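In our numbering, the protein residues as written are 7 to 143.
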């Protein structure tokens, strides 16, 4: 049975955001701010590292998952063409997230099949912020 988006959001505490921009006008940053306000721990993944929204930003998936434990959701802000590569890399991480959530407007049939076959819940073409607002407000 497919796990619902509501169940995933209710039972998750840590969300890694791949492609989290430090620019407060970007969608990824607005989504991260919203999730922080709702009590989630945000793990930024941004190629230049640094700090975003008061949190250490990791330069790549491997660094984030090696340094942080118990990441529940990997929220992806990358182009659709990059999703299969992200899915393949996800399967090489030290542990697997419960869910890979791909933002609005993005999809990859191959990434979906690969991750679901490995037991990871996969949502695509859905904004985690919009879904959270719809389900909990």
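Even for Gly, the Cβ is constructed at its ideal location relative to N, Cα and C. Source: prediction; values computed, not measured.
Asked	Found
DSSP bridge partner residues for residue 129 (one or two, in chain order)	107
Local conformation of residue 20 per DSSP, three classes	strand
Whole-number beta carbon distance between residue 89 and residue 50, since they are thought to touch under 8 Å	At roughly 19 Å, the Cβ-Cβ gap does not stay under 8 Å, so residue 50 and residue 89 are not in contact.
Distance, residue 108 Cα to residue 133 Cα	8 Å
Separation of residue 73 from residue 111, as counted between CA atoms	30 Å
contact_flag[the segment 28-35, the segment 113-127] where n(CB pairs < 8 Å) is 3 or more	no
Reference residue 60, options 84, 47, 93 and 139, closest by Cα	47
Which of helix, strand or coil DSSP assigns to residue 115	helix
Residue nearest to residue 39 in terms of C-alpha spacing, selected from 52, 53 and 23	23
Where residue 135 sits in the DSSP three-state scheme	helix
CB of residue 94 within 8 Å of CB of residue 67, strictly	no
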